[in-house]
Structure formats: structure tokens, C-alpha cells
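Residue numbers (the numbering used here): 16 to 564.
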């Protein structure tokens, strides 16, 4: 099944017909030729057959459109070929057109090309203006293709990763609920923040104009380049791939010229404010509906299987209370965040016993690592000092395949000291080194790695990143599993899930007596050390969280 729609946003666009393929038949039932109620009744009758399985490509989109246009709730059994494609090869393009062509050649997308040419020729705004006969062929071809791909690949994917196949499909109603309910935003606060940012940008602009001696377009890389590299005659610190003089963040931070440094510092601050405005303020105001935003959570949007987001992207919300204050609860937010889950997965997977012991005995891992690397009693490691910060950089850096130079730049230390610390780290945690080296070799040999839950992650070159993919992907699997388990609980006992960012889930309207059971569900994993979840709550905003007592 597939819906043909006037656009891609279910809050504002609508379906103008439904395409169906069954046995060796296919058709496109169009609004106008039939009443909307008639189409709704037809699909409801089909969905009432609980023994039947309904196949979609990008199921959430079509299910939103079916609900908003025809008043239809989802069927019980669903297969999403987008999820099938992603589990098969997360590095490939998962559009129906590309996957269809890959399997069946250009004939698979003949009608799509025909419709695109027709729309361009007659300058049609959307597909609803395409004549019925052409739409019949086009829409019928899409559902035939979806069905054929499902029959071809579902058995192999289920055989390879049956539990992940089931999990990804169980997440469909979870994501539908999150997207449909949306999350409240404080419109007054956004306007206040915009006003503050506009004022701050104006002040920075005036200061830059005064330093430069004339107006300069701050968004123009050419004008900035002319000022820094021609007028001030600064040697360009960074070259772009096209051998142009870069005015990017790294280049501006490296400028040492007295006047140039003052201007560069202000430009970086201006860009930071501009980004906040464009990403979190102006875009939210454009997308809001009745004081809520209804973002999209894409379960198949990343190589490792972690969620991605769009319209707007709620995956990229920084841990900045000023930004998070934009989001306000219907009743009360309950934020649950996995504590150091990636480090725990690294310790578990590598069987590094002293790190496992540090976790199980409740040690501060970064202070513990600092004591090992520096050969100093842990009591002498200042919790707020540079030694612990160095160890934190090491602990997280090794997951991302950081080298001596990378650690030196990231932690702000000399190459000599960075090498000594990294060498000591591997001496103190030898099993992690052995595990990482083994994973890299296996990735080079197989061309892929698997998470602890069996998810296949393809790799091409960048073999050093293989351990990171395993740990990131495993953490993503944990979030997905926790999301489904806790959604089932809140559906039964009341409450909603508003967002998930990296290793945390944001709940709303949870009765206080249910907080502990939900926490227990999230911590219920059988690793070599306890999985722990930090809980914070707020009735005011996501940026005003405080520890749950």
C-alpha cells in the first residue's frame, strides 16, 4: 500500500489517493473518482483483516496520511521495506526508486521518470495535478515494486537479524505516537530569545564594522577572505579542498594577528548566534502548529542504526539550558539518561576487568583512569582538576579512534605528553586495545561489523572507526529497545514520550509512582556491570530539570 500526497508534511498536506497491490493485481483509488469516506471505508475493511500483512515503504509517512486524510488507524501487521533495506545494508540509498533500479533496472522507475517529465513540462505544483491514467500506472508500479522487494528480501533479513527486524517494526506505533502528539514549545520565550540574539548580533556587527573601518558582509566568505588575507596580509591558516583560503571556524581560531584576532573572535560569536536563531528559533516558529512542533524521528537515518531527525531535527538539541527551555511539558517532564553507557559497553565488550570493577564498585571512572595513567592514588585526583579532564578525554577519545595528535589538539596538550598518556592508557587497559585491534582486523576482512545485538554496519575504509561503530550502534539498539519497552508501559499506565536524544528519553505526564518502574525497565540489561539511568524532572521546561529525589 502507498499514499499519493500533495506534499511531504502530514500536518499540512493530504493524500489524494491510495495505491494497492495484491496477488497479481494493482490499482490506484483516487479522491474525486470516489468519495473520501468511501476510500476510508475500503481501507478500514482491509485493515480489519488481522491475518493479513500490509507492506509499506516508509510506513510512518503513509500511516500519518491515512489517518489525517481518511481517518484510518494502522493495521496490526505491517512490514516496512524501508526498514528491510536499512537492515540489509545501512550504507545504501533506501529510496524506493534507487533500490528498485538496483534490483530490476530502469524499467522499475520508468513511470516515475515519465511523471517527473510531465510535471516539468506543464509546471505542475504537485502530483495531484497529474492525469488519472498516468497516476494509475505510476502509483500501481510503486506498490508492485514495494511488494516485490518485500518478497525478495524479507526472508533473508528475518533469518539474519530476526529480533532486530521485529524491534524495528514494533517501533512504528511508538514513532507514530511521538510524531502525532508532538512537543510543546514556549513561543513567548522564543520571541524573547530572538530579541536578545538580534540585539547581541547588532552589537557584534557594530564592533566589527568599527574594527574593520567599514561595513562588511559577515556571511560572505569572499569579503571576509579579502579582509583577513589581502588587507591584513595574514597567511591563511587553513586551505579548503579547492585550495581556497578558508574562513571556517578552525581558520579563524588560528588567527594571531592582533586586529584580525579581535575581528575573528567576534565573527565566531556572531555565527554562533546566527546558527541558534536559524536552527532553533526561526525554524521552530515556521514549523509550529498550535504551540507544538511535530518533528520526524527516522529509525533508518544513520549508518549505525541510531535515530536521526528532521522538520525540525530534535536529535541535535545541545545540552544548553537556554535552548532546552524552549521545550515545555504538558504536565511535567521526566528525563531519563543512560549514565556513561558507551564506556560501559566498551568495558563489557572488551572484558576489561579493572574497568568493569571500577563501574561495579561505583568508582568515578575518569578519576580512576587518571590515577592509572598518572600512577597516582585516586585520592590525589581532583574531581574538578585537569587530570580528571584529561582522563575523560582519553576514555571517550579512544572510542572515536583518537590518535596522539587528535588527543593533543582535543585536550590542549603537547604531542609528547599526549603520546605518553595514550601509551599508559593502553598499558592499563590492555584488553580494550586487544579487542579494538581485533575488531579493526575483522572489519578489514569482512567489510562490516556487528553491534552486540547483531545489527550489521557496513564499512568502507576508515577501519579504525570500527570499534566506534559497534559501540555507537549498540547504544542505539539499547535506546530503541528501551523506547519500545517503556512506551508499552506508559500506554498502559498513562503518560507520553516526547523525545529521544542520543542516550536519553524525555517523558511527559508520568505519575510519580511510575517513575521507578520505568527506570527499572530502562536498566534491565544483562551486561557485566549494572546499567544505570539518571532521572531528572521539571514542571517548567526541559532546561529547568532537577534531580529526582
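Even glycine gets a Cβ: it sits at the ideal position worked out from N, Cα and C.
Since the structure is predicted, the reported quantities are computational estimates derived from the model, not experimental observations.
For the candidate residues the options, whose alpha-carbon lies nearest to that of residue i?
i, options, result
"residue 528", "505, 330, 340", "505"
"residue 41", "293, 148, 155", "155"
"residue 133", "123, 121, 146", "146"
"residue 560", "351, 325, 542", "351"
"residue 441", "410, 364, 290", "410"
"residue 465", "396, 297, 391, 490", "490"
"residue 47", "389, 144, 355, 557", "144"
"residue 387", "532, 244, 402", "402"
"residue 123", "548, 107, 153, 149", "153"
"residue 70", "447, 192, 184", "184"
"residue 168", "126, 417, 94, 139", "94"
"residue 416", "179, 435, 340, 451", "451"
"residue 197", "181, 126, 26", "26"
"residue 496", "482, 508, 510, 533", "533"
"residue 492", "507, 480, 65, 353", "353"
According to DSSP, simplified to helix, strand and coil, what is residue i?
i, result
"residue 38", "coil"
"residue 312", "strand"
"residue 335", "coil"
"residue 521", "strand"
"residue 540", "coil"
"residue 477", "coil"
"residue 110", "coil"
"residue 323", "strand"
"residue 29", "coil"
"residue 396", "coil"
"residue 350", "strand"
"residue 470", "coil"
"residue 486", "helix"
"residue 46", "strand"
"residue 526", "coil"
"residue 134", "helix"
"residue 343", "strand"
Only counting the same chain, and skipping five residues up and downstream in sequence, which positions put a Cβ closer than 7 angstroms to that of residue i?
i, result
"residue 18", "30, 33, 77, 80, 81"
"residue 105", "318, 320, 472, 473"
"residue 101", "109, 315"
"residue 276", "270"
"residue 281", "219, 222, 223"
"residue 407", "381"
Taking the alpha helix (DSSP H) that residue i belongs to, which residues open and close that run?
i, result
"residue 425", "419–426"
"residue 412", "401–414"
"residue 287", "273–291"
"residue 592", "The question about residue 592 has no answer here: the residues shown for the chain are numbered 16 through 564."
"residue 388", "380–389"
"residue 80", "74–85"
"residue 356", "356–365"
"residue 328", "Unbroken run through residue 328: none, as it is neither H nor E."
"residue 465", "Looking at the DSSP string, residue 465 is not in any alpha helix (DSSP H); the run it does join, the beta strand (DSSP E), is 463–465."
"residue 242", "From DSSP, residue 242 is part of no alpha helix (DSSP H); its letter is neither H nor E."
"residue 373", "368–375"
"residue 24", "Residue 24 -> no alpha helix (DSSP H), and no H or E assigned at all."
"residue 105", "Unbroken run through residue 105: none, as it is neither H nor E."
For the beta strand (DSSP E) containing residue i, name the first residue and the last one.
i, result
"residue 432", "Per DSSP, residue 432 belongs to no beta strand (DSSP E); it is in the alpha helix (DSSP H), 430–443."
"residue 19", "17–20"
"residue 60", "Counting along the chain, residue 60 falls outside any beta strand (DSSP E), though it belongs to the alpha helix (DSSP H) covering 51–62."
"residue 551", "548–553"
"residue 3", "Because the chain spans 16 through 564 in this model, residue 3 falls outside it and cannot be assessed."
"residue 93", "93–95"
"residue 516", "511–516"
"residue 69", "69–71"
Beta-carbon within less than 6 angstroms of residue i's beta-carbon, same chain only, minus the 5 sequence neighbours each way: which residues are those?
i, result
"residue 356", "490, 518"
"residue 467", "489"
"residue 298", "327"
"residue 484", "319, 464, 472"
"residue 501", "533, 536"
Output yes if chain D places a C-beta closer than 8 angstroms to the C-beta of residue i; else output no.
i, result
"residue 69", "Absent from the structure is chain D; it holds one protein chain and no more."
Residues in its own chain within less than 8 angstroms of residue i by CB, not counting five upstream and five downstream?
i, result
"residue 24", "326"
"residue 178", "468, 469"
Determine contact between the region 342–349 and the region 516–532, defined as no fewer than three beta-carbon pairs at a distance below 8 angstroms. yes
Would you check if the region 276–286 and the region 450–464 touch, i.e. whether three or more CB-CB distances between them fall below 8 angstroms? no
At a cut of 8 angstroms, does the region 150–164 reach the region 101–119 through at least three beta carbon pairs? yes
Within the chosen definition, does the region 171–186 reach the region 45–54 through at least 3 CB pairs nearer than 8 angstroms? no
The region 236–243 contacting the region 323–343, beta-carbon criterion three pairs below 8 angstroms: no
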